[in-house]
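Taking it in order: structure first as structure tokens, then the write-up.
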Amino acid sequence: LAARIKQEFIFIPWAPLIFTSSVTGQNVTKLFDLATEVDEERHKRIKTPELNRWLKNVIQSHPPAGLKNRTPKLNYIVQEDDNPNPSFKVFGAHTKFLHWSYKRYMERSFRQQYGFNGTPIKFWFIEKADRHKHGHSPTRIGSS
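Here this note's numbering runs 94 ahead of the position in the sequence shown, where the first position is 1.
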């Protein structure tokens, strides 16, 4: 039965599965323990330097391939507020060309490293702002 349920809910592999019985009371207390554990996971915070080390390792292990001759470059990651669920902003160049399979790879690697069991997480891929228009870097005008 567990295998069938996991197959039906393949889109949420991070969700825990527990069987209970209202007749015998089996696993009812475990249900409350699990809810507490999931809530703790949902509110977990990871420091930015640690997140950036993880991102660097992920990229070194398996560099992202792009689409349409554009290679995404992922520069850094920060954790957003955890309400309603944990989310992370990944800043870089050509992020819109990041393949969906690479995003899934990142989430699996992230969960393997940090857990967040029982809670959805979201990665937002943010295009780094183009501060220098027309290929020019800011220059200082005038004498120093």
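The beta-carbon is built from N, C-alpha and C at its ideal position, and this holds for glycine as well.
Looking only at its own chain, which residues have a Cβ that is under 6 angstroms from the Cβ of residue i, when we skip the five neighbours before and after it?
{"i": "Thr-142", "result": "Val-172"}
{"i": "Lys-167", "result": "Gly-186, Ala-187"}
By how many angstroms is the C-alpha of residue j removed from the C-alpha of residue i?
{"i": "Asp-224", "j": "Lys-190", "result": "Reliability fails at Asp-224, whose pLDDT of 49 lies under 50, so the model's placement of it is uncertain and the value that follows must be treated cautiously. When rounded, the distance between both Cα atoms is 15 angstroms."}
{"i": "Asp-175", "j": "Ser-181", "result": "7 angstroms"}
{"i": "His-137", "j": "Leu-128", "result": "14 angstroms"}
Specify the secondary structure class of residue i as computed by DSSP and reduced to three states.
{"i": "Lys-222", "result": "coil"}
{"i": "Ser-116", "result": "coil"}
{"i": "Ala-97", "result": "helix"}
{"i": "Phe-105", "result": "coil"}
{"i": "Ile-210", "result": "Looking at the sequence provided, one finds Phe at residue 210 rather than Ile. Reduced to three states, the DSSP call for Phe-210 is coil."}
Using a Cβ-Cβ cutoff of less than 7 angstroms, which residues in the same chain neighbour residue i once the five nearest sequence positions on both sides are dropped?
{"i": "Val-152", "result": "Met-200, Ser-203"}
{"i": "Lys-124", "result": "Ile-112"}
Have a look at the DSSP bridge pairing and note the partners of residue i.
{"i": "Phe-217", "result": "Phe-182"}
Indicate, with yes or no, if the ligand NAD has a heavy atom lying under 7 angstroms from the CB of residue i.
{"i": "Asp-175", "result": "Of ligands this structure carries none, so the ligand NAD is not represented either."}
Between residue i and the rest of its own chain, which residues show a CB-CB distance below 8 angstroms, the 5 nearest in sequence each way excluded?
{"i": "Thr-213", "result": "Trp-108, Val-132, Glu-135, Arg-136, Asn-179, Pro-180"}
_Which runs of the beta strand (DSSP E) at least 3 residues long sit entirely within the segment 125-195? Give them in chain order._
167-173, 181-187
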